[in-house]
Structure formats: structure tokens, C-alpha cells
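For reference, the structure discussed in these notes is given below.
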Amino acid sequence: MLTLYFSTLPELARLLSLLGNEQRLAVLGAIAAEEKYAREIAEELGISRPLAAIYLRQLEKLGLAEGASRTSDEPPYLRRCYRAVPFEVVLNLDVITSLKRSKDETG
């Protein structure tokens, strides 16, 4: 299981912002049990395929999802399949007070 750690307040804020979106959480939930393509997720959640793909890339960039290219006999011949990476976030006041502020915040 992946445990997410942070060294700065902006890093934590980015993660919380990403996970604070109901649709992104739904996408993460959709790939928690089994691998799916962006098209399948979009249909399941009633969102556009491009939006599902954007959310999947964001989750993948943070390490919360993994994508793998799959070949097919039908167009599109190369598609990306996604699955969630089990993770946990440990957050409390001690963690927040120990984080460094960014240089922009400290002047």
C-alpha cells in the first residue's frame, strides 16, 4: 500500500484539491475493483471521455492510479487501461504544523 507523505503545505493542498472533487473520487472508485478504459469510466459515471481521461492522468501523475497500454484488434488499436493504486493519507494537526511553507509564502 502506498502511503502519501508531504514536505510542504502546497503539496498537501494540491492533493486535497484533487481529492476534493466528487467526480475525481468517483473515477478513482470506478477503477478500484477492476481495470477500465477511459471510455468505460465515462459511460459508467455519465461524464465525457475527455474529462475522464484528464482525471485519470491527474490521478496517475500523483501515483494514485496506474495506466497500461493495451492493444486491440479493433480501432483504436492502442488504448490505455487504468487501475487504482491502494493508498492511504495520514493527516492530522501534527503533520500540518510540521510542513514547510513554500518560498513564495515566506517572502
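Read in full-length UniProt numbering, the sequence shown has 41 at position 41, and its numbers run on one by one without any break.
We put the CB at the ideal spot given by N, CA and C, even for glycine.
It should be emphasised that the depicted structure is a prediction, and the values quoted were computed from it without experimental measurement.
Query	Result
Between L4 and L91, what straight-line distance do the alpha-carbon atoms span, to the nearest angstrom?	10 Å
Please state whether DSSP places L93 in a helix, a strand or coil.	helix
CB-CB under 6 Å to R39, same chain, minus the five flanking residues each way: which ones, in chain order?	R49
Output the distance between the C-alpha atoms of G63 and L56, rounded to the nearest integer angstrom.	10 Å
For A26, which residues in the same chain have their Cβ closer than 6 Å to its Cβ, ignoring the five residues on either side in sequence?	L45
So the candidates are T8, E66, M1; which of them puts its Cα closest to the Cα of S98?	T8
Tell me the residue span of the beta strand (DSSP E) that contains G83.	Looking at the sequence shown, residue 83 is not Gly but Arg. 78-84 is the extent of the beta strand (DSSP E) around R83.
Please classify R101: is it buried, with 16 or more other beta-carbons within 10 angstroms of its beta-carbon, or exposed?	exposed
Please determine, among Q58, A52, A33, A32, the residue with the shortest C-alpha to C-alpha distance to I41.	A52
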